[in-house]
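Just so you know, the protein sequences line up as chains P and U, in that order.
Using UniProt numbering, the first residue of the first sequence is number 1, and each one after it goes up by one.
Using UniProt numbering, the first residue of the second sequence is number 1, and each one after it goes up by one.
No residue lacks a Cβ here, since even glycine has one placed at the ideal position from N, Cα and C.
Please read all numbers here as calculations on a predicted model, not as lab measurements.
I have placed the structure first, in the form of structure tokens, so that the comments after it can refer back to it.
There are 2 protein chains.
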Amino acid sequence: MAQPLRIALAGIGTVGAGVIRLLEANGDLIARRAGRRIEVAAVSARDRSKDRGIAMDRYAWEDDMGAFATREGIDVVVELVGGADGPALTLARNAIAHGKSLVTANKAMIAHHGLALAEAAEANRVALKFEAAVAGGIPVIKGLREGAAANAIERVYGILNGTCNYILSTMEDTGRDFAEVLAEAQAKGFAEADPSFDIDGIDAAHKLAILASIAFGTRIDFAPVAATGIRRIIAADIAQADALGYYIRLLGIAEVTRDDNGAHCLFQRVHPYLVPRDHPLAHVDGATNAVVAEGNFSGRLLFQGAGAGDGPTASAVVADLIDIARHTGDGNEIGAPFSIPVAELENMRPASAERRVGKAYIRMIVADRPGVLAEIAAAMRDGGVSIESLIQKASAPSPADGDETVLVALVTHEGPEGNVNAALRLLEGSPSLIEPPLVMHILGD
Amino acid sequence: MAQPLRIALAGIGTVGAGVIRLLEANGDLIARRAGRRIEVAAVSARDRSKDRGIAMDRYAWEDDMGAFATREGIDVVVELVGGADGPALTLARNAIAHGKSLVTANKAMIAHHGLALAEAAEANRVALKFEAAVAGGIPVIKGLREGAAANAIERVYGILNGTCNYILSTMEDTGRDFAEVLAEAQAKGFAEADPSFDIDGIDAAHKLAILASIAFGTRIDFAPVAATGIRRIIAADIAQADALGYYIRLLGIAEVTRDDNGAHCLFQRVHPYLVPRDHPLAHVDGATNAVVAEGNFSGRLLFQGAGAGDGPTASAVVADLIDIARHTGDGNEIGAPFSIPVAELENMRPASAERRVGKAYIRMIVADRPGVLAEIAAAMRDGGVSIESLIQKASAPSPADGDETVLVALVTHEGPEGNVNAALRLLEGSPSLIEPPLVMHILGD
């Protein structure tokens with residue numbers, strides 16, 4: 001058997017410990033599959049004394065993980081420290097610069113600095129792999145980059161944040177409101193103490209930007225990803241959607257469209273969509289992730305599995321290591337990190353959502369007095385929005401000032417999103433609206 | 001850019017023509033992804049004059065596809081002729097023997113001769129790839145072999161035949177009986193004139209044997225795959241299953257279990273299962289395929305997409321070609337065809353189903369006379385089968401002789417399959433049974 005692939009592990013939190021446990025449990029099997037062993041040559045973390053449930057004295061300790069970049073006898077640095085910048089980025093840059101391959105689970109770093117790192121990896125002929133950065137244990141980077149490589153991908157979208165999906169499907173199952181379910185998820189450890197990164201859609205936006213680049217051969221462009229989270233969804237929205245035949249799912253959607261001049265542009269959005277009940281994503285419950293890629297020859301491909309957790313994430317990290325181990329030559333043999341060399345990735349302008357055509361769900365909490373419905377209907381008409389259905393219900397949440405309110409939920413006919421925005425601008429500042437309307441688009445074919 | 005990868009296409013039926021169309025449509029994109037062009041250096045088929053909707057004069061014609069094995073200027077032979085033996089196998093053997101890589105969509109050939117071909121490919125350091133042989137356009141071979149490579153796979157199962165799934169989900173939607181739906185599927189071209197290969201589970205069994213080998217690192221063992229098809233399922237079964245909270249799906253299931261002596265053995269079965277409504281496979285409708293792999297770290301992974309058709313199958317064939325093109329060295333750099341070298345694959349004994357524990361659905365058409373139910377109940381008791389629920393319905397299909405019959409459908413509690421078999425043996429030859437009972441197992445966790 002060939003020389004082992006020697007890895008240095010930077011960061012031994014949940015995922016890092018998972019990687020060690022995985023390599024201990026499945027090491028022999030992996031050696032048969034990879035053609036050589038994967039050997040943990042050194043480890044580093046902030047706190048050496050922390051109990052990780054692993055016999056850490058079996059592994060060579062390094063106080064300064066930065067030293068991995070230049071340390072002899074290391075083929076691959078596995079970066080599991082996290083954070084878009086700071087020590088993770090410094091280590092990644094230096095490791096690649098010194099001819100070491102890099103495997104990372106760090107979605108923020110790849111979303112912000114992935115292209116620069118990939119360019120360096122290509123120049124230094126080392127591998128840069130980040131399967132674990134998107135959708136945990138699901139091999140979706142590989143699925144897009146290799147499995148669907150023969151296709152022009154027309155659209156890629158999916159459930160990219162397990163915390164949000166857990167909250168939404170629990171709201172569905174129990175009829176409870178967002179705050180209550182979030183608190184429970186935090187108590188169970190399914191949501192962070194500061195949940196903003198997850199529930200405001202930032203985490204999903206990082207993953208979406210990475211997926212879009214690989215799917216479309218475009219430069220990663222995180223800044224214009226419009227992200228709306230799930231904070232404002234109430235139990236009544238879930239109930240209304242259900243009555244209309246939809247489940248609410250926080251989706252990341254990326255699509256290549258054309259602007260007014262016919263030039264390609266890139267639409268990327270994280271948004272709580274109403275998903276028709278017969279769509280495969282409608283049945284993805286709990287902390288599961290799922291990604292759909294629509295290829296011009298493959299048709300619709302779905303990849304589904306655990307989006308987080310030590311085991312699944314470690315599974316993705318080690319899959320990357322096995323890929324590197326299988327290739328006996330230099331790292332570049334496995335191809336460019338983003339499928340196409342960075343220099344050839346297209347620099348595509350962001351697409352505006354205004355011209356996107358679809359149905360939308362609009363929910364308003366309004367004052368319970370004569371004329372409000374007429375005001376809403378007039379705004380819709382003047383914005384050019386045609387209403388497919390409208391429900392007015394007495395049982396709205398009580399506002400702070402104690403006035404009587406009602407809930408109005410409407411679904412539009414297919415039309416440009418710009419018209420919906422125009423209609424809602426006409427209602428802006430109206431004393432009839434107790435809070436800003438909540439708009440959720442409906443997932444189309 | 002590097003030299004093009006030169007391929008010879010043997011067989012230009014639906015899939016072969018799809019490969020040509022795909023390479024024409026997506027050639028530039030593929031060249032960017034693969035780092036070099038994929039060039040159709042020669043083509044061969046039985047009938048040169050057939051209209052394939054493609055300008056065939058752009059491609060060098062070869063009357064004798066067998067000549068591809070020794071023809072100069074060919075890197076990869078793409079075998080799309082079909083058939084387990086005969087010209088396809090001869091071409092595959094000779095191409096590999098002459099140092100050419102082989103890509104094939106031929107599930108029967110791989111199920112029967114895959115190990116011998118892989119051994120030859122390993123010895124000759126060429127690639128042997130067959131993504132298109134299993135589940136059409138879904139990159140599930142890659143998903144298991146690479147994406148889930150870090151895991152010991154505990155079970156792999158799924159919907160592997162689109163024709164059967166189309167028939168079953170149409171029966172579900174329409175309440176119609178098998179024969180009628182089959183005839184319609186044949187008229188629409190979704191089922192062959194001789195549908196036996198599909199509806200008796202042989203096609204799914206081929207695919208299952210291939211998946212099992214890659215998932216478990218075992219030698220392909222097609223002969224012991226027990227295959228039951230869907231011919232005997234009637235509308236009343238679909239209705240009963242639905243009432244109990246299940247959908248009927250023809251599944252291929254493979255699992256490593258232990259025999260009485262604790263030795264590993266391999267269970268492989270194609271069988272119409274009752275799938276609980278909350279399982280992701282329950283919602284896979286139409287001609288779609290889906291494969292679930294349960295890894296010891298990844299947890300449950302699901303891969304879903306089109307299981308057949310020219311576009312999806314061509315997508316899988318070309319994905320294999322891109323994999324080969326990306327590797328600038330010899331074909332062996334992409335690893336062993338079955339993930340582990342053939343010499344190291346385990347030779348695992350087939351597992352008996354007798355000790356498998358689960359629930360079963362048993363449906364009988366019986367004579368409508370006193371004592372029949374008591375006879376059935378006694379047989380179950382004597383076989384050691386505990387009954388969870390039983391329904392007796394008057395509306396059974398009329399038998400040929402005009403006697404009154406009733407339908408009895410029961411669901412057992414969890415128990416060994418051997419007990420069900422023992423109970424049914426007690427009823428064998430009983431004049432109360434108008435036809436042999438239909439047993440469908442219920443998919444467990």
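Neighbours of Lys188 (chain P) across chain U, judged by C-beta separation under 9 Å, do not exist; the nearest C-beta is about 18 Å away. Met109 (chain U) is bridged by DSSP to nothing; it lacks a bridge partner.
Of all residues in the stretch 145 to 163 of chain P, only Arg145, Glu146, Gly147, Ala148, Ala149, Ala150, Asn151, Ala152 place a beta-carbon less than 9 Å from a beta-carbon of chain U. Residue range 360 to 367 is occupied by the beta strand (DSSP E) that includes Ala360 (chain P). The Cβ of Asp323 (chain U) sits closer than 8 Å to at least one Cβ of chain P. Within the same chain, and ignoring the five residues on either side of Arg231 (chain P) in sequence, the residues whose Cβ sits closer than 8 Å to its Cβ are Phe178, Ile199, Asp200. With three or more CB-CB distances shorter than 8 Å, the stretch 411 to 424 of chain P counts as touching the stretch 374 to 388 of chain P. Closest option to Gly83 (chain U), judged by alpha-carbon separation, among U:Gly114, U:Phe267, U:Arg258, U:Leu168: U:Gly114. Uninterrupted alpha helix (DSSP H) stretches at least 4 residues long and entirely within the stretch 163 to 212 of chain P occur at 178 to 188, 196 to 199, given in chain order.
The Cβ of Gly335 (chain U) sits closer than 8 Å to at least one Cβ of chain P.
By the C-beta density criterion, Gln268 (chain U) is buried, having at least 16 other C-beta atoms within 10 angstroms. Assigned with DSSP and collapsed to three states, Leu301 (chain U) falls in strand. Secondary structure note for Ala290 (chain P): its beta strand (DSSP E) is the uninterrupted segment 288 to 295. Judged by pairs of C-beta atoms under 8 Å, the stretch 129 to 148 of chain U touches the stretch 144 to 152 of chain P, as three or more such pairs exist.
Rounded to whole angstroms, the gap between the alpha carbons of Ile238 (chain P) and Gly252 (chain P) is 19 Å. If you draw a straight line from the Cα of Gly245 (chain P) to the Cα of Ile442 (chain P), it comes to about 11 Å.
Setting aside the 5 residues that flank it on each side, Met440 (chain U) is surrounded in the same chain by Pro272, Leu274, Tyr361, each with a C-beta closer than 6 Å to its C-beta; the list follows chain order.
The stretch 348 to 357 of chain U makes no contact with the stretch 53 to 63 of chain U, as fewer than three CB pairs between them are under 8 Å. A distance below 7 Å between beta-carbons, with the five flanking residues on each side excluded, links Gly18 (chain U) to the following residues of its chain, in chain order: Asp310, Gly311, Thr313, Ala314. For Ile96 (chain U), same chain residues with a beta-carbon under 8 Å away, outside a window of 5 residues either side, are Leu102, Leu117, Ala120, Ala121, Asn124, Val126, Leu128 in chain order. For the stretch 47 to 102 of chain P, the continuous alpha helix (DSSP H) assignments of 4+ residues that do not extend past its boundaries occur at 86 to 97, in sequence order.
Of P:Asn419, P:His413, P:Ser389, P:Val366, the smallest CA-CA separation from Pro436 (chain P) is found for P:Val366. Excluding residues up to 5 positions away in sequence, Ala42 lie with their Cβ nearer than 6 Å to the Cβ of Ala60 (chain U) in the same chain. Close partners of Ile138 (chain P) in chain U (Cβ separation under 7 Å): Leu301. Per DSSP, the continuous alpha helix (DSSP H) segment holding Ser315 (chain U) begins and ends at 310 to 326. Per the C-alpha coordinates, the member of P:Arg6, P:Ala132, P:Glu414 positioned closest to Arg356 (chain P) is P:Glu414.
Within the stretch 33 to 52 of chain P, Arg33, Ala34, Gly35 place their CB atoms closer than 8 Å to a CB of chain U, listed in sequence order. Neighbours of Ile340 (chain P) in chain U, taken as residues at a C-beta separation under 7 Å, are given in chain order as Arg32, Arg33. Contact holds between the stretch 301 to 309 of chain P and the stretch 159 to 169 of chain P, because three or more Cβ pairs, one in each stretch, are under 8 Å apart. The continuous beta strand (DSSP E) containing Arg269 (chain P) extends over residues 264 to 276. Look at Gly147 (chain P) here: in three-state DSSP terms it is helix. Residue U:Ile234 holds the alpha-carbon nearest to the alpha-carbon of Arg176 (chain U) among U:Ile234, U:Ala241, U:Ile7, U:Arg363.
Between the C-alpha atoms of Gly189 (chain P) and Ala183 (chain P) there is a straight-line separation of about 10 Å. Out of P:Ile324, P:Ala287, P:Arg277, the CA that lies nearest to the CA of Ala191 (chain P) is found in P:Ala287. The residue from P:Ala215, P:His283, P:Pro337, P:Val225 with its alpha-carbon nearest to that of Glu294 (chain P) is P:Ala215.
Contact between Val291 (chain U) and Gly158 (chain U) is confirmed by a C-beta separation of about 4 Å, below the 8 Å threshold.
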